[in-house]
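Only one structure is covered here, and it is reproduced in the block below.
In this note's numbering, the protein residues as written are -1 to 154.
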């Protein structure tokens, strides 16, 4: 039996995507914990980006992960407190901070790589559906880049 949100159809798309994201994060945290890794899934975009790209500025990280500057700053503060990342001033531009993984962060990556592989396999199995969710998300993101939800409603 569905609840009122499920029954509301497309009107509750944001709520349903949030619910799905929350469940994936919760299960992700359980997976890390089951493998003896102390890691918050919300840290993933920054840690993974720095692992892939190396040293980046705050704005470069925000752009890479698609978060607002304030949301990115909040995550960075948490990660610095956990000693997973470090920041230093840019020699060319003293106003700019450059961030990179610490040794502790690099060690954490080594621990997580085999777990990421298992997570990728489990997610592939979960998302192997008749209607490919990842393709649909990419399509919607592309459409929103051209014209967002707000603009579409205004044009009605």
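Where is the CB? At the ideal position from N, CA and C, for every residue including glycine.
Computed from a predicted structure; not experimentally measured.
Per-residue DSSP class, three states only, for residue 207: Nothing can be reported for residue 207: it is not among the residues displayed for the chain, which extend from -1 to 154.
Please state if the CB of residue 99 and the CB of residue 48 are separated by a distance shorter than 8 Å. The answer is yes: Cβ separation under 8 Å.
Mind checking residue 70: buried by the 16 CB within 10 Å criterion, or exposed? The Cβ neighbour count for residue 70, taken over all protein chains shown within 10 Å, is at least 16; the residue is labelled buried.
Sub-8 Å separation of residue 102 and residue 82 beta-carbons: Taking C-beta atoms as the reference points, residue 102 and residue 82 count as a pair closer than 8 Å.
The alpha helix (DSSP H) with residue 86 in it runs from where to where? Annotation for residue 86: no alpha helix (DSSP H) segment contains it, though the beta strand (DSSP E) segment containing it runs 83 to 87.
Extent of the continuous alpha helix (DSSP H) run through residue 156: A question about residue 156 goes unanswered here, because the residues of the chain that appear run from -1 up to 154.
Could you give the DSSP three-state label for residue 133: helix, strand or coil? Residue 133: helix per DSSP, three-state reduction.
One or two residues paired with residue 54 in a DSSP bridge: As computed with DSSP, residue 54 is found in a beta bridge with 97.
If contact is defined by three or more beta carbon pairs under 8 Å, each pair taking one atom from either stretch, is the region 49 to 60 in contact with the region 29 to 39? Taking one beta carbon from each stretch, the region 29 to 39 and the region 49 to 60 have fewer than 3 pairs nearer than 8 Å; the two do not touch.
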